[in-house]
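Chemist: For reference, the structure I am asking about is given below.
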Amino acid sequence: MKESIIIFDTTLRDGEQSPGASMNGSEKLRLALQLEKLGVDVLEAGFPAASDGDFDAVAKIAAAIQAAEVAGLCRTAKSDIDRAWGAVRHAAKPRIHTFIATSDIHLQYKLRMSRDEVVEKAVEAVKYAVSLTPNVEFSAEDGSRSDRDYLCRIFEAVIAAGATTVNLPDTVGYAIPEEFAELIRYVKAHTPNIDRAVLSVHCHNDLGLATANTLAAVAAGARQVEVTMNGIGERAGNTSLEEVVMALHTRPNFYQFTSNVRTEFIHPTSRLVSMITGLPVQPNKAIVGANAFAHESGIHQDGVLKNPMTYEIMKPETVGLNTNKMVLGKHSGRHALRAHLKDMGYDLSDEELATLFVKFKELADKKKHVVDEDLEVLVAEGLQTKDVFALDYLHVTAGTTVLPMASVRILVNDRPVQGAGYGNGPIDATFNTISRLCNTHSELMRFSISAITGGTDAQGEVTVRLKENGLEAMGRGADPDIITAGAKAYINGLNRLEYLKTHPVEPVMD
Ligand code: KIV
Ligand code: ZN
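Using the numbering used here, read the sequence shown as starting at 339 and increasing by one per residue.
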């Protein structure tokens, strides 16, 4: 029997720290259920002290999740720990995850504390957390740039205080695989009571080395990896769950480890994360990118046709691609839709299914075949909360000889407002008009468009990034009509900005 590496998923916490990637409570809950289905062992649901919205979302997730442990992140302050515990306490398997920085640069400039004071604070926090639950993780923030003997000292102290997991983060993505592996070996060799805790790693991808560092750490003795789906996260992101899991899976002779992840749910989960956060997956992204299994060169295509193993090290079905070729159409009924969604990994309530069925029929009227990717869009759209702005009507004229014009009606808190405007193209005309009707002062930072599937009847998928007074939000929309997709994306971004305005996140200072 191979030893299983603990997969600690932080898509909902560190992943949400990706610029613009905020999620509302129902989106987080849906994603948590999907991550549980994927088979992650620990689900870091959020940072409850950061905002009331985060607290509520973590509490709801804790109540719903059965198989995975649910962790709440907190600093070392008692009030933070209380907040984290308050949110996770009703979980079947709660975990408190407390952290403090340990590198001299953080101690000197950020915390303004001595090494002794930090050890004392960490021990005090862990002891308090242990008085609430035996399942306590301690993270040494900026661990990879900390003095190694000091790391061992603080780990020894928090383990003695009751921490059951000690995490060594490469917070700024500075580590190099050989060096990081050496650090893990050092910590294992020089922390006398390390066998009483699980040694974990948490890497960021600033040098594109997060997966390599994580795998090197596993080979050197780490037994928990902190990862996010699609590698989303602060700045350049975190270690990508799918890359680590598939490396263990694809190279069983090299790594004598396994994981509890059900790899066939990787692709649907990746799509859900992308749609909920509005963060597109780059086409050449390992495992989950649109090109990850596409063979362009003739030599490769010829080889794959003769034997897929010539150029494919993983089967697409293993990560949940092409497993179900069934397409639905306008004659498909509610039961077929429910069964198909279930196969895709989505268990919807009767109420959710009823709403989705109406949208499915509308789409099937416009598009002959409704495929999995279309359904994923509908599922994600169904999670959007009751919004301030909704698109009610859009009419656009454009062409080679006319001035592009858009007539738009928006419901602002259910009250219709309408108007018309022009622009230098149909999207510009539409966005100018929506911007005026919604009275927004936001700036459009990015606009991108792609097709969800092949074929000219494919839905266009638009993502936008908006900025207003330091707040950033992504918006996405899909529709067979690309101008409508653009309008939906813009309005979705505006709604997310409204959500951020009404759910402020406290700046986290230490
Ligand atoms: O990157 C980091 O150090 C973190 C810790 C809070 C674990 O996210
Ligand atoms: Zn992090």
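For glycine and all other residues, C-beta sits at the position ideal for the given N, C-alpha and C.
Remember, it's a predicted structure, so these values are computed and weren't measured experimentally.
#1: Let me make sure I understand the geometry here. Which of Leu586, Pro754, Thr601 has the alpha-carbon closest to that of Gln594?
#2: How many Å lie between Met652 and Lys340 at the Cα?
#3: If you pair each beta-carbon of the segment 496-506 with each one of the segment 456-471, do three or more pairs fall below 8 Å?
#4: Could you tell me if the beta carbon of Gly410 falls within a distance shorter than 7 Å of some heavy atom in the ligand ZN?
#5: How many whole angstroms separate the CB atoms of Val563 and Val539, which I take to be in contact at a CB cut-off of 8 Å?
#6: Rounding to the nearest angstrom, what Cα-Cα distance links Arg600 and Val583 in this structure?
#7: Would the beta-carbon of Leu547 fall within 8 Å of that of Pro515?
#8: What residue from Lys431, Gln756, Gly808 has the CA that sits closest to Leu781's CA?
#9: Could you check whether Ile570 and Leu610 sit closer than 8 Å to each other, using their CB atoms as the reference points?
#10: State the Cα-Cα distance for the pair His673 and Phe437, rounded to the nearest angstrom.
#11: State the beta-bridge partners of Thr436 as determined by DSSP.
#12: For the ligand ZN, any of its heavy atoms closer than 7 Å to the Cβ of Thr735?
#13: Measure the alpha-carbon distance for Asn629 versus Leu659 and round it to whole angstroms.
#14: Who are the near neighbours of Thr577 in its chain, counting only those whose CB is closer than 6 Å to its CB and skipping five residues on each side?
#15: If we count the other Cβ atoms within 10 Å of its Cβ and call it buried at 16 or more, is Lys366 buried or exposed?
#16: Just how far apart, CA to CA, sit Ser342 and His707?
#17: Using the beta-carbon count (16 or more within 10 Å), is His435 buried or exposed?
#18: Leaving out five residues before and five after Asp416 in sequence, what residues of the same chain have Cβ atoms less than 7 Å from its Cβ?
#19: Between the segment 386-395 and the segment 414-430, do at least 3 Cβ pairs fall closer than 8 Å?
#20: Kindly indicate which residue of Lys839, Gln797, Pro842 has the alpha-carbon position closest to the one of Ile820.
#21: Flag Lys437 as yes when its Cβ comes closer than 7 Å to any non-hydrogen atom of the ligand KIV, and as no otherwise.
#22: Between Ala744 and Pro764, which are expected to be in contact by the criterion C-beta below 8 Å, what is the C-beta distance as a whole number of angstroms?
#23: From His779 to Ile403, what distance separates their C-alpha atoms?
#24: What is the DSSP secondary structure of Ala560, reduced to helix, strand or coil?
#25: Quick check: Leu694 and Ile829, are their CB atoms within less than 8 Å of each other?
#26: So, helix, strand or coil for Gln639, using DSSP?
#27: Can you give me the C-alpha to C-alpha distance between Lys697 and Leu721, rounded to a whole angstrom?
#28: How big is the Cα-Cα spacing for Arg814 and Glu580?
#29: Between which residues of its own chain and Thr615 is the CB-CB distance below 6 Å, once the five residues before and five after are set aside?
#30: Using alpha carbons as the reference points, say which of Phe631, Ile492, Lys459, Pro432 lies closest to Pro654.
#31: My output table needs one value for Pro646: the three-state DSSP class, helix, strand or coil.
#32: Judging by CA-CA distance, which residue of Ala495, Gly511, Leu643, Ala554 is the nearest neighbour of Arg523?
#33: Thinking C-beta only, is Tyr488 closer than 8 Å to Arg453?
#34: Please classify His669 as buried or exposed, where buried requires at least 16 other C-beta atoms within 10 Å of its C-beta.
#35: Output yes or no for whether 8 Å exceeds the beta carbon distance between Ala409 and Glu374.
#36: Quick check: is any heavy atom of the ligand ZN less than 7 Å from the C-beta of Thr509?
Modeler: This is what the structure holds:
#1: Leu586
#2: 20 Å
#3: Output reads yes: the segment 456-471 touches the segment 496-506.
#4: no
#5: 6 Å
#6: 10 Å
#7: Going by C-beta atoms, Leu547 is nearer than 8 Å to Pro515.
#8: Reading the sequence as shown, one finds Glu at residue 781 and not Leu. Comparing Cα positions, the closest option is Gly808.
#9: Against a cut-off of 8 Å, the Cβ pair of Ile570 and Leu610 comes out as no contact.
#10: Here the C-alpha atom of His673 lies approximately 47 Å from the C-alpha atom of Phe437.
#11: Beta-bridge partners assigned by DSSP to Thr436: Cys412, Phe476.
#12: no
#13: Spanning the two alpha carbons is a distance of roughly 12 Å.
#14: Cys541, Ala548, Thr549, Thr552, Val565
#15: buried
#16: Taking the Cα positions, Ser342 is about 41 Å away from His707.
#17: buried
#18: The question names Asp, but residue 416 in the sequence shown is Lys. So the qualifying residues of the chain are Tyr466.
#19: yes
#20: Gln797
#21: Looking at the sequence provided, one finds Phe at residue 437 rather than Lys. Yes, Cβ of Phe437 sits closer than 7 Å to a heavy atom of the ligand KIV.
#22: 7 Å
#23: 39 Å
#24: coil
#25: no
#26: In the structure shown, Gln639 sits in a helix (DSSP, three-state: H, G or I).
#27: Straight-line spacing of the CA atoms in Lys697 and Leu721 works out to 13 Å.
#28: 23 Å
#29: Ala359
#30: Phe631
#31: helix
#32: Distance from the Cα of Arg523 is smallest, within the candidate group Ala495, Gly511, Leu643, Ala554, for Ala554.
#33: yes
#34: exposed
#35: no
#36: yes
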